[in-house]
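Taking it in order: structure first as structure tokens, then the write-up.
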Amino acid sequence: REEKKKRTEEFDEARREKEREREEEEKRTAELERIRKQEEEERLDKEYQELRGMFSVDSEGVQQLDEEESQSRLQEFIAYIKESKVVMLEDLAAQFDLKTQDAIDRLQTFLSEGRLEGMMDDRGKFIYLTTEELEDVAKFIRQNGRVAISDLADASTNLINLKPASVTA
């Protein structure tokens with residue numbers, strides 16, 4: 019029995035020693051991996067800084083205007099939409115040297131303020147509607163009661179003029 023107990027203890031001690039060695043090896047491996055990652059990050063950061071130094075931004079292309087010029091540009095913006103009747107939002111932005119999102123934001127502001135009436139579709143177009151056209155659509159709906167979207171779309175070709183103002187004038 020004594021001998022068996024001694025062998026078991028020796029075996030347990032050998033197993034614990036192997037476990038400690040395995041844990042130490044895992045720690046060394048983890049530390050080496052951490053060092054490798056840190057060196058890689060430093061290398062990438064250095065590479066990024068070198069590339070960044072090669073580029074310079076002279077100007078962003080968006081101009082800041084004074085108050086009077088800004089009001090004039092807003093009036094031009096509204097007039098352009100009213101004259102064009104159907105406007106691609108990207109074209110609108112390009113026409114006024116704006117980012118597309120800025121043009122959309124400005125358009126939504128005008129819609130909420132009531133300075134413009136119309137609608138944006140999911141393909142990036144804005145359709146300007148005059149007050150008369152909106153009234154004609156409302157009148158059509160009142161006359162016919164419940165109207166299917168397809169019926170309204172068919173009637174809209176007669177109720178809404180999609181030709182630019184310069185062509186119809």
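One point on numbering: in the working numbering, the residue at position 22 of the sequence shown is 40, and numbering is uninterrupted.
Glycine included, every Cβ here is placed at the ideal spot set by N, Cα and C.
Option in the options with minimal Cα separation from residue i
{"i": "V155", "options": "G142, F144, D169", "result": "D169"}
{"i": "I145", "options": "A166, R160, T175, S90", "result": "T175"}
{"i": "G132", "options": "T118, L147, E28, D140", "result": "L147"}
{"i": "Q93", "options": "G71, F128, M72", "result": "F128"}
{"i": "A111", "options": "K143, S90, S130", "result": "K143"}
{"i": "L116", "options": "D140, M138, R91", "result": "R91"}
{"i": "Q189", "options": "R124, M72, R61, E58", "result": "There is no way to answer for residue 189, as the model of the chain reaches only from 19 to 187."}
Endpoints, alpha helix (DSSP H) assigned at residue i
{"i": "V155", "result": "149-162"}
{"i": "S170", "result": "Ser is not the amino acid found at residue 170; the sequence shown has Leu there. Unbroken alpha helix (DSSP H) run through L170: 167-177."}
Residue interval of the beta strand (DSSP E) (run including residue i)
{"i": "K143", "result": "143-146"}
{"i": "G136", "result": "136-138"}
Within 7 Å, strictly: CB atoms of residue i and residue j
{"i": "E135", "j": "L152", "result": "yes"}
{"i": "I99", "j": "V105", "result": "yes"}
{"i": "A173", "j": "F158", "result": "yes"}
{"i": "L180", "j": "K103", "result": "yes"}
{"i": "P182", "j": "E101", "result": "yes"}
Contact test: residue i Cβ vs the ligand SAM heavy atom, cutoff 6 Å
{"i": "P182", "result": "The ligand SAM is not part of this structure, which contains no ligands at all."}
Practice item. Would you list, in sequence order, the uninterrupted alpha helix (DSSP H) runs of no fewer than 4 residues that lie entirely inside the segment 49-123? Key: 85-102, 107-113
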